[in-house]
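Participant: Position one of the first sequence corresponds to residue 253 (this note's numbering), numbered consecutively onward.
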Amino acid sequence: MKISTFFENFLKKRSLFSNKAVLFPSYAPEEIKYREEQLEQIANILAPALRLEKPSNLFIYGKTGTGKTISVKHIFRFLQETAAKNNVNLLCMYVNCKLKRVADTEYRLIAQLLRECGKEVPVTGLPTDELYNLFYTALDEKRQVVLLALDEIDQLAKKIGDEIFYNLTRINAELKQAQIGLIGISNSLFFSDNLDPRVKSSLSEEEIIFPSYNALQIQDILRGRAAGAFREQVIQPGVLEKGAAYAAQEHGDVRRAIDVLRIAGEIAEREASSIVEMHHLDKAEKKLESDRVFAAALQQPQQFQLVLYAILLIAPKKKNVFTGEIYEIYQTLCHKKNLNVLTQRRLSDILAELDMLGIITAKIISKGRYGRTREISLSLADTIIITLRELLEKALHLE
DNA sequence: AGGTATTCACATGAAACTATTCTCTGAGTTAGG
DNA sequence: TAACTCAGAGAATAGTTTCATGTGAATACCTGT
253 MKISTFFENF LKKRSLFSNK AVLFPSYAPE EIKYREEQLE QIANILAPAL
303 RLEKPSNLFI YGKTGTGKTI SVKHIFRFLQ ETAAKNNVNL LCMYVNCKLK
353 RVADTEYRLI AQLLRECGKE VPVTGLPTDE LYNLFYTALD EKRQVVLLAL
403 DEIDQLAKKI GDEIFYNLTR INAELKQAQI GLIGISNSLF FSDNLDPRVK
453 SSLSEEEIIF PSYNALQIQD ILRGRAAGAF REQVIQPGVL EKGAAYAAQE
503 HGDVRRAIDV LRIAGEIAER EASSIVEMHH LDKAEKKLES DRVFAAALQQ
553 PQQFQLVLYA ILLIAPKKKN VFTGEIYEIY QTLCHKKNLN VLTQRRLSDI
603 LAELDMLGII TAKIISKGRY GRTREISLSL ADTIIITLRE LLEKALHLE
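Structure (C-alpha cells):
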C-alpha cells in the first residue's frame, strides 16, 4: 500500500475515540469521584490562605493511583480562581520530586521552585545557599501566601535525606512579608516514621489518608472516563468490569487502569476494529507491562545494563541464581567487552535497584553455613525476556 | 540427643573519590576612541 | 577605556570505590546422659 493512500484511508476511518485527552494522566476532570471527604478536608485546611493567613502544613498519604495528585491540583485550581477574583496574592506551586533532572535533589528542587516564580537559575555552579537566598527574596517581594505541594516526597527523602525538609520548614522564619504552607504528598504510608521528629511534627500538622478504591469504585470511574473518551457503543460490555476487577486486585491503581483502557483503544484502532473487546484489554495490559520494563532497562547506565544482561543469560536456565554466580558471569562479560569490572559491593546495589524496578525478583535468603545472599529470579514472560535481551545486545553493541 | 558457637557469603552503611558539567571571577588581551 | 577571552576556582551530580560492620541459619563442636 502506498503511504499516500494509507493516510487517506486513515482519515476516512472513524476514530474510536471522541476525545482521547480524557484518558491521559494530565486530564483534569470536573468532578473527582469518591473523594468528597478528602477534598473537603483539604479545602478546610487550606482555606485560610485566602485570607492571607498561613494554613497548617498538610501531609497526604495514599498508594499510587488513589487520586492524591489530582485532588491537590483540583483544590489548587479553585483556590487560585477565587484568589484571582478577590485580588488575593496567593501562589500555588506543585512540584513532583521524582522527576529526574528536574526536582530530584535539593538544589534542583529549589531551582524548580524559582523557575515557577519566573526566575531562571543555572543548572549547576551556584552554591545551594545562594539559591535559598534567591528563593527567599523572590517570595518576600510582596505580601502573599504561597502553597507548596511536593509530590512523591518520600522518594526525595530516600534519596537525599531529610535535611531538606528542615530547611523548608524553616523558610517561614526567614520571610517577613510572605508566608508559606507546605503540602507533602507521599505514596508510602510509613514515610514519616524514619523522619527527624522535629521535621515530622512541623511538616505534618495535619494528615489526610487516601484509601485505595475498591473494584466498584474503579469501575464507576472508568465508566465515566470511557463515556467521555470513546464514541458510543465502542466499548463492549464486560470490558470495563474486567479492567476494573483487574486493577482492584492487582494494585488499586486507577491511573493505570485508565492507561490500560486508552492503550486497549489504540490497539483496537490499529487492528481496524470498530469496537474494543476483552482481548484488546489483555493485549494492552501486556503492552503496558513490557513497555515499562523496556523503558526502565534502556534508560539505565551501561554497567547496569550489562549486569541485567548477565542475569538474562543464566536466569532462564535455572530457577534460582545467587549474587556470586551473577558476578562471575558479569566479570567474564566485562573482560570480553574490555570494560572495567565493578566491585561486588556495587553489583549488590544494582541488583537491589533492579528489584525495585520490578525487572527481577530478588529475595534475601540465608543458606546457613553457606552464607547469605540474594536469590534472584525473573518474573517476566518469556517473550519479554527474549526481546529485552535483544534490545540490550543492541544497546551494548554485543554481537 | 540437645545446646551453643562458628562460619559462610554476602548484605548494608558511610564516607570519600572521580569525572563531568556548569558558573563566576578576575587577569590578560584586543580594538576602538 | 570598554569589550572580549580564557584559565582557574568552586559547585552540583552520577557513578563508583574503600572500609567497616551486620546477619540468618546450616553445620561443627561440645556437653552430659
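For each residue, glycine too, the CB sits at the ideal point set by N, CA and C. Note that the coordinates shown come from a computational prediction; the quantities given were computed from them, not determined experimentally.
Starting from ILE611 and walking both ways along the alpha helix (DSSP H), at which residues does that stretch end?
Facilitator: Neither: ILE611 is in no alpha helix (DSSP H) and is coded neither H nor E.
Participant: Strictly by DSSP, which residues pair up with TYR465?
Facilitator: According to DSSP, residue pairing for TYR465 in a beta bridge does not occur.
Participant: In this structure, how does DSSP classify VAL354 when only helix, strand and coil are distinguished?
Facilitator: coil
Participant: In the DSSP assignment, what are the bridge partners of SER618?
Facilitator: ARG624
Participant: Cβ atoms of GLN290 and LEU343: under 8 Å apart, would you say?
Facilitator: no
Participant: Count the CB pairs spanning the segment 362-373 and the segment 269-277 that are closer than 8 Å, and state whether there are at least three.
Facilitator: no
Participant: Where does ALA336 land, buried or exposed, given buried means 16+ other C-beta within 10 angstroms?
Facilitator: exposed
Participant: Ignore the nearest five residues each way along the sequence and tell me which others in ILE566's own chain have a CB closer than 8 Å to its CB.
Facilitator: VAL573, GLU577, ILE578, ILE581
Participant: Where LEU391 and LYS588 are concerned, what is the direct C-alpha to C-alpha distance, given to the nearest angstrom?
Facilitator: 56 Å
Participant: With LEU342 as the anchor, note down where its beta strand (DSSP E) starts and where it stops.
Facilitator: Per DSSP, LEU342 is one residue of the beta strand (DSSP E) stretching across 342-348.
Participant: Determine the closest residue to SER453 out of LEU648, THR334, ARG422, PRO463, with distance taken between C-alpha atoms.
Facilitator: Comparing Cα-Cα distances from SER453 to each of LEU648, THR334, ARG422, PRO463, the minimum goes to ARG422.
Participant: Assign GLN596 to one of three DSSP states: helix, strand, or coil.
Facilitator: helix
Participant: With ASP403 as the anchor, note down where its beta strand (DSSP E) starts and where it stops.
Facilitator: 397-403
Participant: When you compare each of GLY314, TYR313, LEU298, LYS315 to PRO307 by their alpha carbons, which one comes out closest?
Facilitator: LEU298
Participant: In three-state terms, what does DSSP make of GLU458?
Facilitator: strand
Participant: Does TYR313 come out as helix, strand or coil in the three-state DSSP assignment?
Facilitator: strand
Participant: Suppose only complete runs of 3+ residues qualify. What are the beta strand (DSSP E) ranges in the segment 504-540, listed by chain order?
Facilitator: none
Participant: My guess is that ILE527 and ALA536 are in contact by the Cβ rule of under 8 Å, so how many angstroms apart are they, rounded?
Facilitator: With 8 Å as the limit, ILE527 and ALA536 do not qualify as a contact, their Cβ atoms being about 14 Å apart.
Participant: State the DSSP-derived secondary structure class of GLY284, mapped to helix, strand or coil.
Facilitator: It should be noted that the sequence gives Ile, not Gly, for residue 284. DSSP places ILE284 in coil when its eight states are reduced to three.
Participant: Considering only DSSP beta bridges, list what GLN551 is partnered with.
Facilitator: In DSSP, GLN551 forms no bridge with anything.
Participant: Given this structure, state the Cα-to-Cα distance separating TYR279 from VAL486, to the nearest angstrom.
Facilitator: The straight-line gap from Cα to Cα measures roughly 21 Å.
Participant: Could you pull the start and end residues of the beta strand (DSSP E) that GLY436 belongs to?
Facilitator: Element bounds for GLY436: 431-438.
Participant: Closest to GLY317 by CA distance: which of ALA496, LEU304, GLY490, ARG522 is it?
Facilitator: ALA496
Participant: Answer with buried or exposed for GLY620, where buried requires no fewer than 16 other C-beta atoms within 10 angstroms of its C-beta.
Facilitator: GLY620 sits exposed, since fewer than 16 C-beta atoms from the chains shown fall within 10 Å of its C-beta.
Participant: In whole angstroms, what is the alpha-carbon distance linking ARG641 and TYR561?
Facilitator: 7 Å
Participant: For the alpha helix (DSSP H) containing ILE255, list its first residue and its last residue.
Facilitator: Looking at the DSSP string, the run of the alpha helix (DSSP H) that includes ILE255 is 255-264.
Participant: Is ASP445 buried or exposed, if buried means 16 or more other CB atoms sit within 10 Å of its CB?
Facilitator: exposed
Participant: Using beta-carbon positions only, say whether ALA401 and ILE432 come within less than 8 Å of one another.
Facilitator: no
Participant: On the three-state DSSP scale, how would you describe VAL373?
Facilitator: coil
Participant: Taking only the alpha-carbon atoms, compute the straight-line gap between ASP511 and TYR313 and give it to the nearest angstrom.
Facilitator: If I take the Cα positions, the gap works out to 22 Å.
Participant: Here's the rule: buried if 16 or more other CB atoms are within 10 angstroms of the residue's CB, otherwise exposed. What is THR584?
Facilitator: The residue in question, THR584, is exposed, as its Cβ has fewer than 16 Cβ neighbours within 10 Å.
Participant: Give the range of the alpha helix (DSSP H) segment to which ASN385 is assigned.
Facilitator: Counting along the chain, the unbroken alpha helix (DSSP H) around ASN385 starts and ends at 380-391.
Participant: On the premise that PHE330 lies in contact with GLU458, defined as a C-beta separation below 8 Å, what is that separation, rounded to the nearest angstrom?
Facilitator: Not quite, the Cβ-Cβ distance comes to about 19 Å (not below 8 Å), so this is no contact.
Participant: Hey, how far is the Cα of CYS586 from the Cα of GLN554?
Facilitator: If you take the alpha carbons of CYS586 and GLN554, they lie about 11 Å apart.
Participant: Using a Cβ-Cβ cut-off of 6 Å (strictly less than) and excluding sequence neighbours within five positions of PRO300, which residues of its own chain qualify?
Facilitator: PRO307
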